[in-house]
Structures are given as structure tokens and as C-alpha cells.
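What follows is a short report on a single structure.
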Amino acid sequence: MANGSGNMMKRMLGLRQEMSMGFYLTDLLFRKILRQNAGVDWAIHHTSTIHSPKLIKRGKNVYPGDSPGVYINARNGVHIGDYTNIGPNVGLVSSNHDFINNDLHTATKPIDIGRFCWMGMGAVILPEVKLGDFTIVGAGAVVTKSFPEGYCVIAGNPAKVIKQLNRAECDAFAAGKI
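FYI, my numbering numbers position 51 of the sequence shown as 57, with every residue one higher than the one before it.
Listed below in C-alpha cells is the structure:
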């Protein structure tokens, strides 16, 4: 298929231009035919796993699991704000299981991730964490507590603020002025 006709087909089907048709065909094979992640109603990478996808609230241009190896346990809910990106091998874990009986899960508040955030490769976000707008999570970080004020870069295990972002620049970017 020529690139022009492939792009036209993507537009007609409402698919994202930055993803290849191969991505969507592989997604079709794994979700619709092999029934892997069958309950997910958006295209995801075939190596990603999403539990309880109906409990994920996602904003504009948010496709959790489109990067390879993403693991999302949304049993207690996961809220992801507009234009947030989730890198490869990221884990979003909204519940813990009982120490004795792994089938019993704890009830907690949902994970709440703001707008314009970025989860770097291999980051893990644990139950009840709230990340404010413009929070960048460094690769390999383990986020055990909330950073609701946002506008920061967090990294490490456990994650801590390593840099504050310029709020005015971030807000100008969000408004399309940069």
C-alpha cells in the first residue's frame, strides 16, 4: 500500500497517523482474533497487558499500552489526563493483593495522573498516587507517594523531585503558544 493511500485509510478509520498500519494489524490479530486484552477498546502493543480496562479514564490523545511492555492493573481505577505519554515497560498498579490469598485485592483510591505528563521507560506508579499536571517521571523510577503540585521531574526509588519546571512555560505550551 502506498504511503498516501495508507494515510488516507488511517484518516477514514480514525487511526493515529504516527502509528504504522502494521501496528494496527498486529493489534487486530492479538485483541480481536487471539483475544489478548480483548476488553481494551483502543489499539495497544501486543506485548502490553491491561487488567480492568473499563476502569481507565483517559484524556485526549492518551493511549495507555501503545508502547511495548506496559502493564496496567486498573482494578481500583486509573485516571490519565490529556496528552500524557506512557513509555515502554511502565507499570501502573492501582491495587495490591492479599499477602496470603493473591486473588484478594485491596480497595484503594485510583491512580490519578494529570495532563501533559510523561512516564519514562520502566517507571512504576503504585496505588493511590496522584501526579499533577506536567509531571515527568524518570526512567526506572518507583513512585510510592503523590506529587499533586506537578510541574516537576521526579526520579529514583522511591521517587523524589529532582527538578522544578517553569510553570509559565508549561502553561504556554499547553495553550499552544510555544
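Where is the CB? At the ideal position from N, CA and C, for every residue including glycine.
Using beta-carbon positions only, say whether residue i and residue j come within less than 8 Å of one another.
i: Ile119; j: Ile86; result: yes
i: Gly71; j: Thr90; result: no
i: Ala161; j: Ala147; result: yes
i: Ile62; j: Ile50; result: no
i: Asn82; j: Pro59; result: no
i: Ala165; j: Val143; result: yes
What residues in its chain sit with their C-beta under 6 Å from that of residue i, if we drop five residues either side in the sequence?
i: Ala145; result: Gly126, Met127, Gly128
i: Thr53; result: Pro74, Gly75
i: Lys136; result: Asp118, Ser152, Pro154
i: Val167; result: Cys158, Ile160
i: Val96; result: Val76, Met125, Ala129
i: Thr150; result: Leu132, Pro164
Return the bridge partner residues of residue i from the DSSP annotation.
i: Gly97; result: Tyr77, Val130
i: Leu137; result: Ile119, Phe153
i: Met125; result: Ile92, Val143
i: Val68; result: Paired residues: none, contrary to the question.
For residue i, is the classification buried or exposed, using 16 other Cβ atoms within 10 angstroms of its Cβ as the cut-off for buried?
i: His221; result: Since the first and last residues shown for the chain are 7 and 184, residue 221 lies out of range.
i: Asn67; result: exposed
i: Ile56; result: buried
i: Ala178; result: exposed
i: Leu34; result: exposed
i: Ala181; result: exposed
i: Ile195; result: Residue coverage of the chain in this structure runs from 7 to 184, which leaves residue 195 outside it and unanswerable.
i: Leu98; result: buried
May I ask you to report which of helix, strand or coil DSSP gives residue i?
i: Thr32; result: helix
i: Ala178; result: helix
i: Lys60; result: helix
i: Met7; result: With a pLDDT of only 48 at Met7, under the threshold of 50, the placement of this residue in the model should not be trusted, and no figure is reported.
i: Arg173; result: helix
Distance cutoff 8 Å, beta carbons only. Does residue i sit that close to anything in chain B?
i: Gly87; result: The displayed structure is made up of one protein chain only, and chain B is not part of it.
Here's a check: name, in chain order, each residue in its chain whose Cβ is nearer than 8 Å to the Cβ of residue i, leaving out the five neighbours to either side.
i: Cys176; result: Phe122, Asp139, Phe140, Tyr157
i: Val46; result: Arg37, Ile56, Pro59, Gly71
Who are the Cβ neighbours of residue i in its own chain at under 7 Å, not counting the five residues just before and after it?
i: Asn172; result: none
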